[in-house]
Amino acid sequence: MKLLRRDCDFEFLNSEFRDIEFLMYRSDDSLSYISCIVCLCSRAADIVASWRVIQNLISVHHQPQGNLASWNVYIAYMTNGQVPIWDKYQIENDKYMARKIIIDGLPSMPIHEQVGAYLDEYLLGSDLTLDPRVNEPREALLSLEEFVRGAPTDQKVESKEKRASMIKNIIELLNKNENQKS
Numbered sequence: 011m012k013l014l015r016r017d018c019d020f021e022f023l024n025s026e027f028r029d030i031e032f033l034m035y036r037s038d039d040s041l042s043y044i045s046c047i048v049c050l051c052s053r054a055a056d057i058v059a060s061w062r063v064i065q066n067l068i069s070v071h072h073q074p075q076g077n078l079a080s081w082n083v084y085i086a087y088m089t090n091g092q093v094p095i096w097d098k099y100q101i102e103n104d105k106y107m108a109r110k111i112i113i114d115g116l117p118s119m120p121i122h123e124q125v126g127a128y129l130d131e132y133l134l135g136s137d138l139t140l141d142p143r144v145n146e147p148r149e150a151l152l153s154l155e156e157f158v159r160g161a162p163t164d165q166k167v168e169s170k171e172k173r174a175s176m177i178k179n180i181i182e183l184l185n186k187n188e189n190q191k192s
């Protein structure tokens, strides 16, 4: 899945916030709908001062219908400034209308092509890689089968003692292996 830029009429926001550019990104996968309204703002203080009004206007003009719709809508505030940590915490943890993220401290204001890459990395984890060792064959270090095969399952005292002895042997083996690794 990727987030692609879509045309969207943000005249209602542009008329209120002249120093902020608004963009719409949507997932290219019809089964996994995600939309993200990006607010590009060079001054972090403008984000802190305006985020509530922006989310309120978006909720009136843009929020999709549906029970879980707000969990598929993001508002991403991007800035090359630094948003104070408490303000960032407060904004990102606000649950009204949409999930909110702040991508701050950027080296420069991103161009539209870079915005998509930031969103793919931040929201979709495109920067994550699978450890190459995942496909290496591994030998099982311990097979519990030999320790538990034939364990009695009844409630007799002798059976309980036998199971306790089996558990003790497993714990001793694990401790021995752990000590060898250290």
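If you read the sequence shown in this note's numbering, its first letter stands for residue 11, the second for the next number, and so on.
Glycine included, each C-beta is placed from N, C-alpha and C at the ideal position.
- C-alpha of residue 82 to C-alpha of residue 159: approximately 49 Å in a straight line.
- Only residues of its own chain outside the window of five on either side were considered, and among them 58 have a CB closer than 6 Å to the CB of residue 97, listed in chain order.
- Distance check between residue 133 and each of 85, 95, 156 and 32 places 85 closest, using alpha-carbon atoms only.
- Looking at the DSSP output, residue 109 bridges to 84.
- With a cutoff of 7 Å on beta-carbon distance, residue 107 and residue 50 are scored as not near each other.
- Per DSSP, reduced to three states, the secondary structure at residue 35 is strand.
- DSSP places residue 15 in the uninterrupted beta strand (DSSP E) bounded by 13-16.
- A residue is called buried once 16 or more other Cβ atoms fall within 10 Å of its Cβ, and residue 154, having fewer, is exposed.
- Judged by DSSP in its simplified three-state form, residue 50 adopts strand.
- Burial check for residue 162: the Cβ neighbour count within 10 Å stays below 16, so the residue is exposed.
- DSSP places residue 118 outside both helix and strand once states are collapsed to three, so it counts as coil.
- Rounded to whole angstroms, the separation of the alpha carbons of residue 124 and residue 130 is 10 Å.
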